[in-house]
Amino acid sequence: MYLPRPWTLSQKIGFRAVFILFSLMILPFPFSTIFGAFNLSFLDQAFSDFWNWCAELVATGLLGMEELAVNPTGSGDKTVDWIHYSLGLFITIIGTAIWSVLDNKRSNYYKLWRVFVMILVYYLVYYMAIYGFIKVFWLQMPELRIDRLLKSYGQSSPMGLLWTFMGASKTYSVYAGLSEVIAGTLLIFRRTRTLGGLVTAGVMFNVFMLNMAYDVPVKLFSFQLMIMGLYIAMIDYKSIFGLLLFRKAVQPTPWPPFFKSPRANYFLLLAEIIFVGYIYFQRIDQGLSGRKQYGELRPKSPLYGLYDVEHFVKNGDTIPPLLTDDERWQRLILEDPGRSIVIRMDDQLTYYTSETDTLEQTLTIKIGRDSLQKSYPLEYAKLEDGLTLFGVLEGDTLNLKLKTYDLSNFYLTNRGFHWLNEVPWHRYDPAPKSNW
């Protein structure tokens, strides 16, 4: 039977601090996952509300803020998030000191540490699966839309540029996702857990640097996952340094069975298999459905394409293509079934809700919302190289002739892969000009 050695004072203090800090970071996991599976997410929300309430007290009481925005925005680097982490550090310092005074006789925390490590491992497995599979299915940074292809680099935010270069390559997106999934999978097994921690830390360090370099507002969380992966790896630090730095024969850190009873260990293994299976099945199922809903297999408009407006007749007058005109259409993008994008001569984009009826051959533009929404059906006719549109839009009679733009002219999405390159294909051309 494995008997853990007494811990040194620094080991005990270090564990207390790490336990408190990481617990505050990962809560309400694993309960949130269990709650979600059994439709008890209100408990998850209760914890979130309490934590936000604590942050609001700090913001209004100590920082002098009138109010603190706590609603989700997609950013993980909001003011409330920084307060959460700062609160966590403060509670860790105070909690570690109190714990050390009240429990200074204990020899070690081996049993608690084993439970803590197991929860931490599956926390990492969970999030590596979330971020990994969404890239594997090319959904986090999806294939580039036509309107994205028309924008210049200078018009893009740093985060937008990152999403563009990731979305431009399905191969790289899948590779990045598999790296995260494999890192999480290696953490599951005791024999590969140290390697999994190293790979997780390495993969997440790359993600963290991308977030830093391109101002993606997930800096705090990516750094958190990186540190947690490094912590798992450093459990076996003697073996890592002995092998990599000193080239010595090393012995792996012992991971004895969790329970004394073989039956209890069997049920624990079964629970782990169910948990991981549930996570992976959920991610794969959402990835497959996501590809069909908004990914590369999503429905597309029956009139899919990019069109240059060659002739624009408004109320009987032919409007010339002047770059200063903020009303004349320059291009029309029909990509998604329920959306049309008009690019005007001054390069301003207007997004419309629309509906295409292939039987009546109408493209209906909808303006406004709910009961105030008005519909404007435009009759279309397909030409060999484009479309004609005719109808009334917001009181103006329009008669348009549009020419299809060949999407293969976009180098970014059509260059492809070449083992053989006689010269570097490194070029930048401005956005394609209309054919008028």
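Residues in the sequence shown are numbered from 680 upward in steps of one, following our numbering. Just so it is clear, CB atoms sit at the ideal spot from N, CA and C, and this is done for glycine as well. Note that this is a predicted model, so its numbers are computed, not measured.
Span separating the alpha-carbon of residue i from that of residue j
| i | j | result |
| --- | --- | --- |
| residue 1105 | residue 1090 | 10 Å |
| residue 1118 | residue 1069 | The chain is shown only over 680 to 1115; residue 1118 falls outside these bounds and no answer can be derived. |
| residue 801 | residue 793 | 13 Å |
| residue 888 | residue 818 | 21 Å |
| residue 665 | residue 968 | The chain is shown from 680 up to 1115; residue 665 falls before or after that span and cannot be answered. |
| residue 875 | residue 727 | 30 Å |
| residue 1097 | residue 897 | 34 Å |
| residue 733 | residue 744 | 14 Å |
| residue 731 | residue 867 | 32 Å |
| residue 850 | residue 935 | 40 Å |
| residue 1011 | residue 1021 | 5 Å |
| residue 1014 | residue 828 | 13 Å |
| residue 941 | residue 949 | 12 Å |
| residue 909 | residue 882 | 11 Å |
| residue 680 | residue 938 | Here the model assigns residue 680 a pLDDT of 46, short of 50, so the residue's position is not dependable, and the following value carries that caveat. In a straight line, the C-alpha of residue 680 is about 11 Å away from that of residue 938. |
| residue 783 | residue 767 | 23 Å |
| residue 859 | residue 700 | 24 Å |
| residue 1004 | residue 1084 | 22 Å |
Residue closest to residue i, alpha-carbon to alpha-carbon, out of the options
| i | options | result |
| --- | --- | --- |
| residue 796 | 907, 1002, 977, 747 | 907 |
| residue 760 | 816, 703, 929 | 703 |
| residue 742 | 728, 915, 785, 762 | 762 |
| residue 1001 | 990, 891, 995, 1060 | 990 |
| residue 1017 | 986, 831, 836, 981 | 981 |
| residue 902 | 779, 879, 786, 1047 | 879 |
| residue 872 | 829, 830, 803, 943 | 803 |
| residue 725 | 861, 706, 738, 740 | 706 |
Simplified DSSP assignment, three categories, for residue i
| i | result |
| --- | --- |
| residue 1069 | strand |
| residue 680 | Confidence at residue 680 is low in this model, with a pLDDT of 46, below 50, so the placement of that residue is unreliable and no value is reported for it. |
| residue 1078 | strand |
| residue 829 | coil |
| residue 951 | helix |
| residue 1062 | strand |
| residue 939 | coil |
| residue 1023 | strand |
| residue 802 | helix |
| residue 926 | coil |
| residue 1028 | strand |
| residue 687 | coil |
| residue 870 | helix |
| residue 916 | helix |
| residue 1084 | strand |
| residue 834 | helix |
| residue 1104 | coil |
Identified DSSP bridge partners for residue i
| i | result |
| --- | --- |
| residue 1036 | 1041 |
| residue 1054 | 1045 |
| residue 1018 | 1032 |
Extract the residue ranges of the alpha helix (DSSP H) inside the segment 956–1016, only unbroken runs of 4 or more that lie entirely within it. none
Enumerated in chain order, which unbroken segments of the alpha helix (DSSP H) with a length of 4 residues or greater are wholly contained in the segment 709–795? 710–716, 720–740, 758–781
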